[in-house]
Amino acid sequence: MAGFSRLYCIGGLGGFMGADGINPIAIQILVGDADRQWLEPHYFDKSIKPIGNIKSIIPEGPGHQNMLIDSCIAFAPVFFKKCPTLSKVEIQLEGYTRLDFNLEIEKIPDEWGKLRKEAVPFFRSLNIFEAELKPLLF
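Written out as structure tokens, the structure is:
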């Protein structure tokens, strides 16, 4: 059975932060589980666009340490616009709809690792909340 098990909310950006530190929510990143884990975005701020036309990411493995930073870069590159390598990666990923760090690593641009390193300080400045999704039993 496949389904979503976790979500990340990113918000409170640009100095417009609610009392909880997350509102307004700009983007949610949903984590799905099946034979492989995947992440996909849900945009509240419609001005945020992904790199290329990326709609999903498959991490190197379930819960991999890079899955959240990789998905933030791919789904919301605007947060990382000051990274020097971003524009080159955006050109290389034009038209992509999925990044598979597990079985299609050869399709990931060589510069992705450098971009990830450049993105760390910006990533750490994001307001990110995490929630586990589980069914309510009545």
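The end of the sequence shown is residue 175 by this note's numbering, with every number in the run present. Idealized CB from N, CA, C, for every residue including glycine. This structure is a prediction, so every number in the text was calculated from the model and none was measured.
| Item | Value |
| --- | --- |
| Neighbour-count burial assignment, L173, 16 or more Cβ in a 10 Å radius | exposed |
| Contact test: A63 Cβ vs the ligand ADP heavy atom, cutoff 7 Å | For the structure depicted, the ligand ADP is absent and the ligand set is empty, with no information on it obtainable. |
| Short Cβ contact (8 Å threshold) for A63 with D82 | yes |
| Helix, strand or coil at D107 [DSSP, three-state] | helix |
| C-alpha distance - I165 paired with I59, whole-angstrom precision | 7 Å |
| Beta-carbon proximity list for Y133, same chain, < 6 Å, skipping 5 on both sides | G89, I91 |
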